[in-house]
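A short write-up of the structure that comes next.
Protein chains: 2
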Amino acid sequence: MRAERSPAESDTRDRIVQAAAALLQRQGYEGASVKPIAQAAGASVSSVYHFFPGGKQELAIEAMRYGAEEFSRVLARGLSSSPDAAKAVAACALLQADTLRESDWTDGCPVAVTALETVGRVPGIQQAAIEALAHWQGMVAAKLETCGMPSPTARALAGTVIAILEGAELLSRVTGDDTPLNDAAVHLAQLVQSSLN
Amino acid sequence: MRAERSPAESDTRDRIVQAAAALLQRQGYEGASVKPIAQAAGASVSSVYHFFPGGKQELAIEAMRYGAEEFSRVLARGLSSSPDAAKAVAACALLQADTLRESDWTDGCPVAVTALETVGRVPGIQQAAIEALAHWQGMVAAKLETCGMPSPTARALAGTVIAILEGAELLSRVTGDDTPLNDAAVHLAQLVQSSLN
DNA sequence: GCAACATTAGAACGAACGTTCCAACCAGTA
DNA sequence: TACTGGTTGGAACGTTCGTTCTAATGTTGC
Chain A
1 MRAERSPAES DTRDRIVQAA AALLQRQGYE GASVKPIAQA AGASVSSVYH
51 FFPGGKQELA IEAMRYGAEE FSRVLARGLS SSPDAAKAVA ACALLQADTL
101 RESDWTDGCP VAVTALETVG RVPGIQQAAI EALAHWQGMV AAKLETCGMP
151 SPTARALAGT VIAILEGAEL LSRVTGDDTP LNDAAVHLAQ LVQSSLN
Chain B
1 MRAERSPAES DTRDRIVQAA AALLQRQGYE GASVKPIAQA AGASVSSVYH
51 FFPGGKQELA IEAMRYGAEE FSRVLARGLS SSPDAAKAVA ACALLQADTL
101 RESDWTDGCP VAVTALETVG RVPGIQQAAI EALAHWQGMV AAKLETCGMP
151 SPTARALAGT VIAILEGAEL LSRVTGDDTP LNDAAVHLAQ LVQSSLN
């Protein structure tokens, strides 16, 4: 019937990537082992190695890319929520707080843990993390420029905005309390506002 | 001769804790295994289990406390570097950038990776992380209050200050570039300054 | 010297790790 | 029906994990 690619198998590959992304952001690279990933995806270990001949490392890189895109969409939604960059950036923090709270403090940034854990030891993962962070920074910088901020200033501030989001998420996840992210939202707006003057 | 406690054995215990702290912040909880820790400490595995009957978990908790105190000293040095809270907080970021750069991006926050990795799964570690973060936040808040900021405002802002430090360190470590921390220093000063008005 | 003690080296444990392999399973095509 | 090629289940590989155990090793007080 379908002549897309195959009957329904490529669906398995997607499930594996999603399950890997979920486990990676909860337990990190070393903590998320292959068997539980396959189990969570409703697949078998052989399927994992069939679709990812590069093994766990290749899967982790693709899972990180997948998670990074998901996070990009959340960021995009927050950034487009208001023409005012200060309000938009604050909305990102609040959106993140919602996502995090509703998922019992599990669905956060898919890059932080895995990247920190493997810095300088798994180049492919580090590279994927760098690209994700740069992409997010670019998104925020673009928003800031639409409000008249000069490009270099915007890039630097965007970096700190990402840093605040990452740091506040860390605090919120560890303490199991969304106060840090909510406070960060206020301070983000304040910082951006004072930079636009 | 010495009647302190014992001849030189408790020195071994300290070395184990230090080695564990170092490996934990580089590779996280799952990534830092017991044998390499003992090896790095110049001790044997039996010594680890002799001093820490609770095993890896007990060792990790104490190592995190040790690392957290070290980080507290860096923070204290930065905070006392200027009577102006804005400048003092910025100095913390620059100090962190120095430490990180000089150690080839390894000696950073001893809490972030391990805590994120074990959120909701190793209560003892999470608790130690919460205490460390709260302590640092308290230090920053105290500094802000000396500049006349009301206590609740200071506490909230101090939380975001810690978040920025953590987030910027994440970016710097992953990218291997101290630009995020240097930019964060500028924005930290700016944020605190605008909050003091 | 000897007994009592804390400390250590090294082997050993079962469990879990990432990975590989092969036999069975399906589609779709002839 | 047979054949083909992508997909899967399950067993098996060697390695490493955290942990335990037993001797041997100091070191301290008598």
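Chains A and B, in that order, give the protein sequences.
Under UniProt numbering, the first residue of the first sequence carries the number 1, and numbering increases by one thereafter.
Under UniProt numbering, the first residue of the second sequence carries the number 1, and numbering increases by one thereafter.
The beta carbon of each residue, even a glycine, is placed where N, CA and C say it ideally should be.
Note that the structure is predicted; figures quoted are calculated from it, not measured.
Contact check for alanine 93 of chain A against leucine 181 of chain A passes: the beta carbons are separated by less than 7 Å. For leucine 116 of chain B, the nearest beta carbon of chain A is closer than 7 Å to its own beta carbon.
Around tryptophan 105 of chain B, the beta-carbon contacts reaching into chain A at under 8 Å are Val119, Gly120. Pairing glycine 176 of chain B with leucine 144 of chain B, the inter-Cα distance amounts to about 31 Å. The beta carbon of isoleucine 16 of chain B is closer than 8 Å to those of Ile37, Ala38, Ala41, Ala43, Ser47, Val48, Phe51, Phe52, Leu59 in its chain, skipping five residues each way along the sequence.
Rounded to the nearest angstrom, the Cβ distance from valine 111 of chain A to alanine 129 of chain A is 5 Å, consistent with a contact under 8 Å. Sequence-distant Cβ neighbours of alanine 76 of chain A in its own chain, meaning closer than 8 Å and more than five residues away, are Met139.
The DSSP assignment places complete alpha helix (DSSP H) segments of no fewer than 4 residues inside the segment 30–71 of chain B at 34–40, 45–51, in order along the chain. Cα atoms of glutamate 30 of chain B and valine 74 of chain A: separation of roughly 29 Å, rounded to the nearest angstrom. Interface with chain B (7 Å Cβ-Cβ cutoff): glutamate 30 of chain A is included. Between alanine 21 of chain B and the set B/Asp11, B/Glu69, B/Gly54, the nearest pair of CA atoms involves B/Glu69. An exposed status is given to threonine 146 of chain A, since fewer than 16 other beta-carbon atoms sit within 10 Å of its beta-carbon. For histidine 135 of chain A and leucine 24 of chain B, the gap between their C-alpha atoms comes out near 29 Å. Within the segment 142–172 of chain B, contact with chain A at the beta-carbon level (separation under 8 Å) is assigned to Ala156, Leu157, Gly159, Thr160, Ile162, Ala163, Ile164, Leu165, Glu166, Gly167, Ala168, Leu170, Leu171. The C-alpha of aspartate 14 of chain B lies about 14 Å from the C-alpha of valine 45 of chain B.
Any Cβ of chain B closer than 7 Å to the Cβ of threonine 175 of chain A would place that residue at the interface, and such an atom is present.
In its chain, beyond the 5 residues on either side, Ser172 have a beta carbon closer than 8 Å to the beta carbon of threonine 179 of chain A. Under the three-state reduction of DSSP output, arginine 77 of chain B falls in the helix class. Residue-level contact by beta carbon fails for serine 72 of chain A and chain B, as no gap is shorter than 7 Å.
The continuous alpha helix (DSSP H) containing valine 161 of chain A extends over residues 151–175.
In the three-state DSSP reduction, tryptophan 136 of chain A falls in the helix class (H, G or I).
Counting along the chain, proline 110 of chain B sits inside no alpha helix (DSSP H), nor does DSSP assign it H or E at all. Excluding residues up to 5 positions away in sequence, Cys109, Pro110, Val111, Ala132, Trp136 lie with their Cβ nearer than 8 Å to the Cβ of phenylalanine 71 of chain A in the same chain. By the criterion of a C-beta distance shorter than 7 Å, isoleucine 61 of chain B is surrounded in its chain by Gly124, Ile125, Ala128, once the five residues flanking it on both sides are discounted.
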